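Notes to accompany the following structure.
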Amino acid sequence: MDYFNFLKRVYFFKKLQDEEIRLIADTCHEQRYTAGSVVFPEGSVADRFFIVIEGKVEAWKNYYDDKPDLLGVHGPGHFFGEMALVDDLPRSATAVAKEDALTLFLYRDDFHALVRGHSSIALSVMMSMSYLVRSSNELYVDDLRARNEKLEKAYTELQQAQTERLRNDRLSTLGKFSSLILHDIRNPLSIMKGQLQLMLMHLDDPARQRKSIQALTTETTKLERLAGEFLDYSRGEIRLDFGIVDTTELLRKAADSFALRLERDGIHITVEAACDGPSILDGERMNRVIYNLIDNARKALIGCDKRQLRLASRFEDDTLVITVADSGSGMDSVTLEHVFEPFYSASGQGGTGLGLLIVRNVIKAHGGTLAVESSPGQGTTVTIRIPRRV
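Count along the sequence shown starting at 1, add 36, and that's the number in my numbering.
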């Protein structure tokens, strides 16, 4: 093949004299590559540079990885591997024949011999290297732009999916919420309606009236507690109203409010209040905390042979410690993992499934901790620790 006429048409050699082009042609060697064959691998010894005569050759970074990067494509008249002429470093990329290709190559030592007497040849190669850098930069920027567009698209799709999931979760939660509200409010209302009907039937019986009023008071307290639980959960935060609270009185009032129900269920309750002073707490919410814990213990004790419930409080340095312990059915490890999840209830006796979640949130809002210890057949102990603040 007439290398001279071909090299004379190469853009980077356009400023060379015919004599200089003929010197290059006489020094070059021909090499053919089939499509897909490796011209040289990344990391190999660099001792020559190439000129494409026919076909195309690709340059790849990390060619043997799962996701290689294409650095450039060289067609007829392009140089590649020319960094071998200026440094002794290994190949920085892998060259692969994209299709059947015919190339010329020039050994580095032969090239150095040529440029000693013909500096214009060195200038032509420098022009090629500059073009290669610009082309690689443009290709790299285009690749980055394409990847960025893919990332933006994926991010938008992720946001849309997340929004849709949140919407579905909210609708699901709203459905559970509505169902629980209707179920738990209906029962007290039904009882209140029944008691009012009894009062109308026994207007001349003071004892019967008093008993109905007590029942109405109990159910009203239930509704008030339910409303408080739903409100705290819907807000997603607990806003405390601190005040001075006698913790002994707090426990005794809670025990008294359950006295009739506990007696009806055959449950014996003891109160061991060893606190000799007040604490700074949100009294209303702490009352709801104790109420929830007693009610949970009551449900766990129903059907058990031994039905003991113990409330205790004490001071440990500057910490108020409240304990609610029962001798009930207890919980296994799986149930314990879920006790603080919203709408979860293992008692099978109704309830919002928000009790322990709200208890924990109230205690956390006080800067305290809540620990639950339980095992099947051994009962459950709930321990609250709250800074005393006085």
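Positions of the beta carbon are idealized from the N, C-alpha and C atoms, including for glycine. Remember, it's a predicted structure, so these values are computed and weren't measured experimentally.
Aspartate 105 versus glycine 113: straight-line alpha-carbon distance, rounded: C-alpha separation (whole angstroms): 23 Å.
Cα-Cα separation, alanine 120 to alanine 149: Whole-angstrom Cα-Cα distance: 15 Å.
Nearest-angstrom beta carbon gap, histidine 238 and leucine 317 [assumed within contact, 8 Å]: Actually they are not in contact, since the Cβ atoms of leucine 317 and histidine 238 sit about 41 Å apart, beyond 8 Å.
Aspartate 22, enclosing alpha helix (DSSP H) - first and last residue: Beyond the ends of the chain as shown, which are 37 and 426, falls residue 22; an answer cannot be given.
Straight-line gap, arginine 334 to glutamine 198 (C-alpha atoms, nearest Å): Rounded to whole angstroms, arginine 334 to glutamine 198 spans 41 Å at the Cα level.
Backbone secondary structure at histidine 506 - three-state DSSP: What the structure shows of the chain is the stretch from 37 to 426, and residue 506 is not part of that stretch, so it cannot be assessed.
Range of the contiguous beta strand (DSSP E) that encloses lysine 51: Premise fails: lysine 51 is in no beta strand (DSSP E) and is neither H nor E.
Contacting residues, own chain, Cβ-Cβ under 6 Å from glutamate 308 (five flanking each side not counted): Answer for glutamate 308: Ala348, listed in chain order.
Alpha-carbon spacing of alanine 190 relative to leucine 180, whole angstroms: Answer to the nearest angstrom: the Cα atoms are 15 Å apart.
Residue environment, proline 224, which counts as buried when at least 16 other CB atoms sit within 10 Å: The residue is buried, with at least 16 neighbouring Cβ atoms inside 10 Å.
Residue from Gly153, Val122 and Val93 whose Cα sits closest to the Cα of alanine 133: Comparing Cα-Cα distances from alanine 133 to each of Gly153, Val122 and Val93, the minimum goes to Val93.
DSSP state of glutamine 67 mapped onto helix, strand, coil: Reduced to three states, the DSSP call for glutamine 67 is strand.
Span of the alpha helix (DSSP H) around leucine 285: According to the sequence provided, residue 285 is glutamate. The question's leucine does not apply to it. Annotation for glutamate 285: the continuous alpha helix (DSSP H) segment containing it runs 283-293.
Near the ligand FAD: lysine 134 beta-carbon under 7 Å from a heavy atom: Looking for the ligand FAD in the displayed structure turns up nothing, as the structure carries no ligands at all.
Neighbourhood of alanine 407 by C-beta distance below 6 Å, restricted to the same chain and skipping five residues each side: Excluding sequence neighbours, alanine 407 sits near Thr419.
Residue range of the unbroken alpha helix (DSSP H) whose run includes leucine 43: Unbroken alpha helix (DSSP H) run through leucine 43: 39-44.
Whether phenylalanine 76 touches arginine 45 by CB criterion (8 Å): It is not a contact, given that the beta carbons lie outside the stated cut-off.
Proximity winner among Ser155, Asp123 and Gly153, relative to leucine 144 (alpha-carbon distances): Going by the sequence as given, residue 144 is arginine instead of leucine. Of the candidates Ser155, Asp123 and Gly153, Asp123 places its Cα closest to the Cα of arginine 144.
Residue burial classification, valine 370 (beta-carbon count within 10 angstroms, cutoff 16): With fewer than 16 other beta carbons inside 10 angstroms of its own, valine 370 counts as exposed.
As assigned by DSSP and simplified to three states, the class of glutamate 135: Here DSSP, grouped into helix, strand and coil, assigns glutamate 135 to coil.
Expected contact under 8 Å - CB spacing of glycine 319 and valine 281 to nearest Å: The pair is a contact, with the Cβ atoms about 5 Å apart (cut-off 8 Å).
Distance between leucine 236 and lysine 289 (C-alpha atoms, nearest Å): Distance between the alpha carbons of lysine 289 and leucine 236: 31 Å.
Beta-carbon contacts of phenylalanine 49 that lie in its chain and below 7 Å, excluding the five residues immediately before and after: Cβ neighbours of phenylalanine 49 beyond the five flanking positions: Leu43, Ile57 and Ser160.
Alpha-carbon to alpha-carbon, valine 325 and valine 395: Those two C-alpha atoms are separated by around 5 Å.
C-beta contact flag for phenylalanine 116 and alanine 131 at 8 Å: Yes, they are a contact pair.
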